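Quick mapping for you: the protein sequence lines, in order, are chains A and B. For the first sequence, our numbering assigns the number 2 to the initial residue and increments by one for each residue that follows. For the second sequence, our numbering assigns the number 2 to the initial residue and increments by one for each residue that follows. We put the beta carbon where it would ideally sit given N, CA and C, even for glycine. All values reported here derive from a predicted model rather than from experimental measurement.
There are 2 protein chains.
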Amino acid sequence: MNAALHQEPLTRSVEDYLKVIYRLSRNGQTASTSDIAQHLELTAPSVSGMVKRLSEQKLLEHVPYKGVVLTDEGRRVALRMLRRHRIIEAYLVGFLGYAWDDVHQEAERLEHAVSEGLIGRMADALGNPSHDPHGDPIPDADLFISELEYTPLCEIQPGELVQVRRVDTSEAERLRYIASFGLLPGTLVQLIDRQPFQGPITIRTGEHQHVIGHEIAMLLLCSRAEGRP
Amino acid sequence: MNAALHQEPLTRSVEDYLKVIYRLSRNGQTASTSDIAQHLELTAPSVSGMVKRLSEQKLLEHVPYKGVVLTDEGRRVALRMLRRHRIIEAYLVGFLGYAWDDVHQEAERLEHAVSEGLIGRMADALGNPSHDPHGDPIPDADLFISELEYTPLCEIQPGELVQVRRVDTSEAERLRYIASFGLLPGTLVQLIDRQPFQGPITIRTGEHQHVIGHEIAMLLLCSRAEGRP
DNA sequence: TTACAAAATTAGGCTCGGCTAAGTTTCTAC
DNA sequence: GTAGAAACTTAGCCGAGCCTAATTTTGTAA
Numbered sequence: 002m003n004a005a006l007h008q009e010p011l012t013r014s015v016e017d018y019l020k021v022i023y024r025l026s027r028n029g030q031t032a033s034t035s036d037i038a039q040h041l042e043l044t045a046p047s048v049s050g051m052v053k054r055l056s057e058q059k060l061l062e063h064v065p066y067k068g069v070v071l072t073d074e075g076r077r078v079a080l081r082m083l084r085r086h087r088i089i090e091a092y093l094v095g096f097l098g099y100a101w102d103d104v105h106q107e108a109e110r111l112e113h114a115v116s117e118g119l120i121g122r123m124a125d126a127l128g129n130p131s132h133d134p135h136g137d138p139i140p141d142a143d144l145f146i147s148e149l150e151y152t153p154l155c156e157i158q159p160g161e162l163v164q165v166r167r168v169d170t171s172e173a174e175r176l177r178y179i180a181s182f183g184l185l186p187g188t189l190v191q192l193i194d195r196q197p198f199q200g201p202i203t204i205r206t207g208e209h210q211h212v213i214g215h216e217i218a219m220l221l222l223c224s225r226a227e228g229r230p
Numbered sequence: 002m003n004a005a006l007h008q009e010p011l012t013r014s015v016e017d018y019l020k021v022i023y024r025l026s027r028n029g030q031t032a033s034t035s036d037i038a039q040h041l042e043l044t045a046p047s048v049s050g051m052v053k054r055l056s057e058q059k060l061l062e063h064v065p066y067k068g069v070v071l072t073d074e075g076r077r078v079a080l081r082m083l084r085r086h087r088i089i090e091a092y093l094v095g096f097l098g099y100a101w102d103d104v105h106q107e108a109e110r111l112e113h114a115v116s117e118g119l120i121g122r123m124a125d126a127l128g129n130p131s132h133d134p135h136g137d138p139i140p141d142a143d144l145f146i147s148e149l150e151y152t153p154l155c156e157i158q159p160g161e162l163v164q165v166r167r168v169d170t171s172e173a174e175r176l177r178y179i180a181s182f183g184l185l186p187g188t189l190v191q192l193i194d195r196q197p198f199q200g201p202i203t204i205r206t207g208e209h210q211h212v213i214g215h216e217i218a219m220l221l222l223c224s225r226a227e228g229r230p
């Protein structure tokens, strides 16, 4: 009721800042200037400047030398972008023949240009999905998002049977590599062996057995599964 | 082969200027500063400034106090935008349930954000159409466009049988009004009566007879038709 | 032809969102 | 506790793209 009052349209830059800050502070931490700068590929002074402006617009709160946290309004914007991004990704994969490793860039630009109405139509066409092709949860039209806690594959004990739920990267090369093992969200995986010191991890999916590195295993967020692989 | 060399990404503003200049100079005229300003809803000095920059970028040629004409490169950009805009409109109407009077705004923003690849996929999904929902020709992937000369309905003689080919407006209200008479591209229309001094025009489409004003009749671009209404 | 109006440009200023260089503050290690 | 490193902010600059006000050029009409 009171959220739609001040509607100066936000710039692409502002939307990108808020998205990154949301991601960095999701775990309850504050987001640091240098982290924001790194993720946006900007210099720290640029971030300092923008943070000041966003703080004046009441989109975030800034404690100098400490970090920033989004306000409710800022979080709302970030969640709107998240919803747009993920629905666009799902739509491109579902209706326009895109591969899951190929949608990120496209969505990254489109999310700033689509209207709320178009997002609604895409979501309807998809049957209002709760997750995008990478398993990331999609905020609903009221921006409610259900972030479940999953366990990275690299922390699963040998013998355990798990289901891949999310693949936590948007890098095309990694996504392609992961897809080449069939490790899409939904896949059942049994952990066979795990070497110490970030060592290789042996898994079984269906008939096949694979050895993957620690770095990749970190990206595969899993839940304990019932049933057989 | 040699067109893809200098690829500084163009800004949204630049793309909009080139689109408008293309439209204004399509008839072989030069585009005037004030016409450009009016169509972009900017002031004349703003246009003067941008024209200088575009001229330095070799996207157009400017004769001070006379007007501007696009270079081949500038025309290429404009045609690319035209293709994007019209394919997006066709896709929104064809696949996402948009009404033809409702797609312009959406396309106006999306055209700056879509990749060439996405446009190709949309075009493929549509079967590479030659015209958009308003009957406007869509440049093909090589940016070839076939602009046929049509006659506005207001210049048709009584008794003549014509076919509506293009509806030359993007204003939603006018489009809805025109659609309410069923005057979509493809419709056969017989001209019954035409009053002088920009007076009303009586037409018959199928069983129905309508009287429309001169202003609307100007927007209905027609070709002489064979067959019966 | 000349005077005035219309059109276009130049001058100068503003915001946004980047940058580098130069301080400040905070953290860490001894 | 203090020195140095790391993180952050401030100062000051820049270009894009808009603006208003002032000036110049062009077109027109007496």
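Check                                                                                                                            : Outcome
Rounded straight-line distance, which links the Cα of L41/A to that of D194/A                                                    : 37 Å
Residues that DSSP places opposite S224/A in a beta bridge                                                                       : Q164/A
Amino acids of chain A, ordered along the chain, whose beta-carbon sits closer than 7 Å to that of E107/B                        : S116 and L119
First and last residue of the uninterrupted beta strand (DSSP E) at L189/B                                                       : L189 to R195
Given 8 Å, three or more beta-carbon pairs between the region 134-144 of chain B and the region 159-176 of chain B               : yes
6 Å CB neighbourhood of G228/B in its chain, flanking five on each side removed                                                  : Its pLDDT being 48, under 50, G228/B is placed unreliably by the model, and nothing is read from it.
Cα-Cα separation, A79/A to G95/A                                                                                                 : 24 Å
9 Å Cβ cutoff, L83/B in contact with chain A                                                                                     : no
7 Å Cβ cut-off: residues of chain B touching R122/A                                                                              : L97 and G98
Cutoff 8 Å; reference L222/A; Cβ partners in own chain excluding five residues on either side                                    : G136, Y151, T152, P153, L154, V165, R166, R167, V168 and D169
Identified DSSP bridge partners for D61/A                                                                                        : For the record, residue 61/A in the displayed sequence is Leu; it is not Asp. The partner list for L61/A (beta bridge, DSSP) reads L71/A.
Proximity test, Cβ basis, 9 Å: R110/A and chain B                                                                                : yes
Beta carbon of L93/A nearer than 9 Å to that of A114/B                                                                           : no
Cβ-based neighbour list, S131/A, same chain, cut-off 7 Å, excluding 5 preceding and 5 following                                  : P138 and I139
Pair within 9 Å by beta-carbon distance, H86/A and A100/A                                                                        : no
Contacts around E74/A, its chain only, beta-carbon distance under 7 Å, and the 5 residues preceding and following it disregarded : K59 and L60
Under the three-state DSSP convention, the category V212/A falls into                                                            : strand
Pairwise C-alpha distance: V48/A and T34/A                                                                                       : 6 Å
Nearest neighbour of I146/B, chosen from R27/B, E16/B, L11/B and T12/B [CA to CA]                                                : R27/B
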